[in-house]
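Chains as they are written, first to last, in our numbering: chain L, 11 to 246; chain Y, 2 to 215.
Where a beta carbon is used, it is the ideal one built from N, C-alpha and C, also for glycine.
Because the structure is a prediction, the values reported are computed rather than measured.
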């Protein structure tokens, strides 16, 4: 019998290795897998590359993981915020590396990894500083039908941490409102995807027309108590 | 010369006036968000939010906030009947794929031929953040900028060449400012309107570039 329900976050994250690349869902207040980030902090893996839209807010969640010195590199689109002080300090003192990626390129690079695409040409960032590699050399460009494009590579990951709404034992997931954001593409791109759900339903309990992430992309589902998503933390 | 700058709300109303019935529009964070308050109720316009919302509605009543339903600036919003949620790759496909009619963005600088700089001052020690700005700027059918014409130090933000790092090349069609509305064209800046009392010559002197009337 296929059963992707795991009884604890601790168990779901136990095999996370040092040096892992971890995709973490969420945008603003919505869809941040707080419980899973806390679980990763407790689990202890170090030298992580974290892929998220932001670089942590306040002192909790991703900011706490950064503060604990567990993150080697952040790949994100919008690190600088009013309350990103933990990242700001580490970045300025050279203790964490940043790869800044336009948000649409970030989503598409993750999607490409999940879809088995070896990269893609995008008009986004052509002619800008973000069309350069880490060493400052230009990324490959190509003219296609009279327009200039930049070659971007897929972002594969060892682990994805996702906040979903409902799940069944095959790992099928639904999301709530704008908490969906990066969840579906991140679930596709990691060798192991762990999702939290507020409600666990029997097979057949989800409308098959409404399943957003099919279970093939999900390896572990952990039910957590429902708490209303809170305000604050993030101000652009 | 006697003229009065447009207030932020007057500027937002000026932008809203040009958004046609049926348009799909993304309003950038900051000042452009104000445009939503000035769209005439008789006009049906679909607002897109980069975090996966189409058909975004106004802010909820106090006490009704749902922090799973926020805009790109992380403020609580509502969903209109007919609105939809989707994931990030689809949301940016709507931009990059040319499905969005208009985006309205803020800017540090815009060049006469439409280059945009709005993500990074390039200062030493500054931590850059780009978000969806580059995808929006090059993806929308029309990119409009909404900004004060002059910096606090009195320098024109409309320039011959951007000195700040670029967001996109030749992507801005129109610039709505507190003093005038201008079009960026391959042959330079064209003035679409000015606040009463301002002359073309005076505007040209403020900007420091040749202008042509529309």
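Just verifying my parser: in three-state terms, what is the DSSP assignment at residue i?
i: residue 174 (chain Y); result: strand
i: residue 245 (chain L); result: Only weak support exists for where residue 245 (chain L) lies, its pLDDT of 40 falling under 50; the value from the coordinates is given anyway. Reduced to three states, the DSSP call for residue 245 (chain L) is coil.
i: residue 45 (chain L); result: helix
i: residue 32 (chain L); result: strand
i: residue 141 (chain Y); result: coil
i: residue 136 (chain Y); result: helix
i: residue 114 (chain Y); result: coil
i: residue 61 (chain Y); result: coil
i: residue 68 (chain L); result: coil
i: residue 100 (chain Y); result: coil
i: residue 149 (chain L); result: coil
i: residue 153 (chain Y); result: coil
i: residue 11 (chain Y); result: helix
i: residue 205 (chain Y); result: helix
i: residue 191 (chain Y); result: strand
i: residue 17 (chain Y); result: helix
i: residue 38 (chain Y); result: helix
i: residue 21 (chain L); result: helix
Under a CB-based cut-off of 8 Å, is residue i close to chain Y?
i: residue 109 (chain L); result: no
i: residue 46 (chain L); result: no
i: residue 149 (chain L); result: no
i: residue 51 (chain L); result: no
i: residue 117 (chain L); result: yes
i: residue 244 (chain L); result: Residue placement at residue 244 (chain L) is poorly supported in this model, since its pLDDT is 41, which falls under 50; the coordinates still yield a value, given next. Closer than 8 Å to some Cβ of chain Y, the Cβ of residue 244 (chain L) qualifies, so yes.
Quick one: is residue i near chain L, going by C-beta distance under 8 Å?
i: residue 52 (chain Y); result: yes
i: residue 97 (chain Y); result: yes
i: residue 115 (chain Y); result: no
i: residue 176 (chain Y); result: no
i: residue 75 (chain Y); result: yes
i: residue 106 (chain Y); result: no
Please compile the residues from chain Y whose C-beta is within a distance smaller than 7 Å of the C-beta of residue i.
i: residue 137 (chain L); result: 167, 170
i: residue 239 (chain L); result: 68, 69
i: residue 121 (chain L); result: 90
i: residue 140 (chain L); result: 131, 135
i: residue 9 (chain L); result: Given a span of 11 to 246 for chain L in the structure shown, any question on residue 9 (chain L) remains unanswerable.
Under 9 Å Cβ-Cβ, which residues of chain Y neighbour residue i?
i: residue 69 (chain L); result: The premise fails here: residue 69 (chain L) is roughly 18 Å from chain Y at the closest Cβ pair, so nothing lies under 9 Å.
i: residue 114 (chain L); result: 51, 89, 90, 92, 93, 94, 96, 97, 133, 135, 136, 137, 140
i: residue 153 (chain L); result: None at all; the shortest Cβ gap to chain Y is about 14 Å.
Which residues in chain Y have a C-beta closer than 8 Å to the C-beta of residue i? List them in chain order.
i: residue 101 (chain L); result: 128
Cβ closer than 8 Å: which chain L residues qualify as neighbours of residue i?
i: residue 86 (chain Y); result: 185, 187, 188, 190
Practice item. Could you say if the stretch 160-172 of chain Y and the stretch 40-51 of chain Y meet the contact criterion of at least three C-beta pairs nearer than 8 Å? Key: no
Review point. Using a Cβ cut-off of 8 Å, which residues of the stretch 192-211 of chain L contact any Cβ in chain Y, in chain order?
Key: 192, 193, 194, 195
Review point. Between the stretch 71-98 of chain L and chain Y, which residues of the former have CB atoms less than 7 Å from a CB of the latter, in chain order?
Key: 87, 88, 89, 90, 98
**Study point:** chain L contacts from the stretch 48-72 of chain Y (Cβ-Cβ distance under 9 Å)
**Key:** 50, 51, 52, 53, 54, 66, 67, 68, 69, 70, 71, 72
Review point. Three or more beta-carbon pairs under 8 Å between the stretch 228-241 of chain L and the stretch 208-216 of chain L, yes or no?
Key: yes
Review point. In the stretch 11-42 of chain L, which residues sit with their C-beta less than 8 Å from some C-beta in chain Y, listed in chain order?
Key: 37, 38, 39, 40, 41
**Study point:** Under 7 Å (Cβ pairs) to chain L, residues found in the stretch 133-145 of chain Y
**Key:** 133, 135, 136, 139
Point to revise | Inter-stretch contact (C-beta, 8 Å, three-pair minimum) for the stretch 171-180 of chain Y and the stretch 212-229 of chain L | key: no
Exercise for review: Count the C-beta pairs between the stretch 92-110 of chain Y and the stretch 131-145 of chain Y that are closer than 8 Å, then say yes if the count reaches three, no if not.
Suggested key: yes
Review point. With contact counted as at least three CB pairs below 8 Å, one residue from each stretch, are the stretch 77-93 of chain Y and the stretch 106-116 of chain Y in contact?
Key: no
Exercise for review: Kindly confirm or deny that the stretch 156-167 of chain L and the stretch 106-120 of chain L touch, where touching means at least three C-beta pairs closer than 8 Å.
Suggested key: yes
Check your understanding: Can at least three beta-carbon pairs, one atom from the stretch 180-195 of chain Y and one from the stretch 136-156 of chain L, be found at a separation below 8 Å?
Key -> no
Check your understanding: So, do the stretch 98-112 of chain Y and the stretch 17-31 of chain Y have three or more beta carbon pairs nearer to each other than 8 Å?
Key -> yes
Point to revise | Segment contact flag, the stretch 54-72 of chain Y with the stretch 32-45 of chain L, C-beta cutoff 8 Å, min 3 pairs | key: yes
Check your understanding: Hey, is the stretch 197-206 of chain L in contact with the stretch 162-177 of chain L, meaning 3+ C-beta pairs nearer than 8 Å?
Key -> yes
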